[in-house]
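Under our numbering, the sequence shown has 131 at position 141, and the numbering climbs by one with no breaks.
Glycine residues also receive a C-beta, built at the ideal position from the N, C-alpha and C atoms.
In this text, all values refer to a predicted model and were calculated from it rather than measured experimentally.
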Amino acid sequence: MLASSVLAFLGVSALVIVTPGPDTAVTVRNALLGGRAGGIFTALGVSVGQAVWAFATSLGIVALLVASEPLFLAVKYAGAAYLVWLGLHALRAAWRPRESRDAATTARPARRLGRGAAFRQGLVSDLGNPKMAVFFASLLPQFVPAGQPAFTAFLALGLVFSLMTFLWLAAYAVAVAKAGDVLRRPRIRRAIEGVTGALLIALGLRIAAEQR
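Written as structure tokens, this is what we have:
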């Protein structure tokens, strides 16, 4: 029974993780800006955020968040605003006039996204999505075998989910980094910045507008 519960959890988790969302968009963009390290540290930030949600679920804090309408809305709107802010930055980079871009390039080399900034963006992206709280609160109890300590089971399942997420997003980052020379060509990079920027803004607005 325990084995069947774990296998079912792994299957459901895999389907959820491979579905693109805000964390995927942030990881791909940061892999483009910061190379393999930028993408991997973004993935690490996302998985740490999920581990925090898992720990909060184990302690019952997530249940309080979901039950509190003002607190839930505060987290939701803050997370949505952050995604929109990242999207606007991406659109500004995509739409910057060629002349100013060329002048900036000749004045100094383009700054790569730092590992700390990449980690922070991944962490805030995930912690700012209250849907993760609802997801963990609704998903994890379904796969806890009868008689198992709730705290230990919730935490273990949540950490497995966060590890799977890290591995998947890190693979994304490596793939983007390997194609970096092509993707960093000016026209292609501007197109990717525009698409990811619009996607991040759309995702932020969707999170803000969604009901529970």
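Other residues of its chain near residue 27: CB distance less than 6 Å, five sequence neighbours each side excluded
The residues 105, in chain order, have a CB closer than 6 Å to that of residue 27 in the same chain once the five nearest residues on each side in sequence are set aside.
Straight-line CA distance for residue 165 to residue 133?
Our two residues, residue 165 and residue 133, have alpha carbons roughly 32 Å apart in a direct line.
Indicate the three-state DSSP secondary structure (helix, strand or coil) for residue 35 in the structure shown.
In this structure, DSSP gives residue 35 a helical state, which the three-state scheme calls helix.
Identity of the residue in 63, 22, 144 and 192 nearest residue 40 by Cα
Of 63, 22, 144 and 192, the residue nearest in Cα terms is 144.
Cα separation between residue 20 and residue 103?
Spanning the two alpha carbons is a distance of roughly 7 Å.
Please report the distance separating the alpha-carbon of residue -4 from that of residue 2.
Taking the straight line from one Cα to the other gives about 10 Å.
Can you say whether residue 33 is buried or exposed, counting buried as having 16 or more other CB atoms within 10 angstroms of its CB?
With 16 or more other CB atoms across the displayed protein chains lying within 10 angstroms of its CB, residue 33 is buried.
How is residue 106 classed by DSSP in three states: helix, strand or coil?
In the structure shown, residue 106 sits in a helix (DSSP, three-state: H, G or I).
Around the C-beta of residue 49, are 16 or more other C-beta atoms found within 10 angstroms, so that it is buried, or is it exposed?
Exposed, since its Cβ has fewer than 16 Cβ neighbours within 10 Å.
Counting C-beta neighbours from all protein chains within 10 Å, is the total for residue -2 16 or more, i.e. buried, or is it exposed?
Taking all protein chains in view, the Cβ of residue -2 is surrounded by fewer than 16 other Cβ atoms within 10 Å, so the residue is classified as exposed.
Per-residue burial, residue 80 [other beta carbons within 10 Å of its own, 16 or more giving buried]
So residue 80 counts as buried.
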